[in-house]
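Student:
Numbering (my numbering), first residue to last: 764 to 884.
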């Protein structure tokens with residue numbers, strides 16, 4: 764059973780009320796990064812969740828797939844990571860999370876925009 768929350772967004776063109784879906788399998792961007800820190804998927808295993816995108820209040824499905832372990836070197840050092848690929852709205856995003864606590868995101872790569880983010884010291 765789908766619930767919703769109404770938020771008020773302050774935009775340059777004024778305030779706008781937006782209904783955001785809330786259910787057991789719908790998250791926002793911030794929650795997704797937390798989920799990826801805690802998720803336990805076997806290599807090749809895939810999980811689908813819904814993510815609310817922007818101020819439209821639209822929930823879209825994303826697929827998270829575990830690709831395995833990888834050693835990643837970034838400006839902050841070298842880390843043993845779990846690598847995931849995320850398919851969302853036609854985009855493929857690779858994310859690496861350190862295996863040990865605090866399980867921070869070490870690297871992010873969006874193939875479509877060619878944007879890379881890396882952990883700094």
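We treat Cβ as the ideally placed atom computed from N, Cα and C, and that holds for glycine.
Run the CB neighbour count on residue 814, radius 10 Å, all protein chains shown included, and call it buried at 16 or more, exposed below.
Tutor: Buried is the call here.
Student: Short check: CB of residue 873 to CB of residue 849, under 7 Å?
Tutor: The answer is no: Cβ separation not under 7 Å.
Student: Could you have a look at residue 813 and say whether DSSP puts it in helix, strand or coil?
Tutor: Reduced to three states, the DSSP call for residue 813 is strand.
Student: Identify which residue in 847, 880, 884, 879 has its Cα closest to the Cα of residue 801.
Tutor: The option with the nearest alpha carbon to residue 801 is 847.
Student: Among 774, 839, 822, 828, whose alpha-carbon lies nearest the alpha-carbon of residue 884?
Tutor: Nearest of 774, 839, 822, 828 to residue 884, Cα basis: 839.
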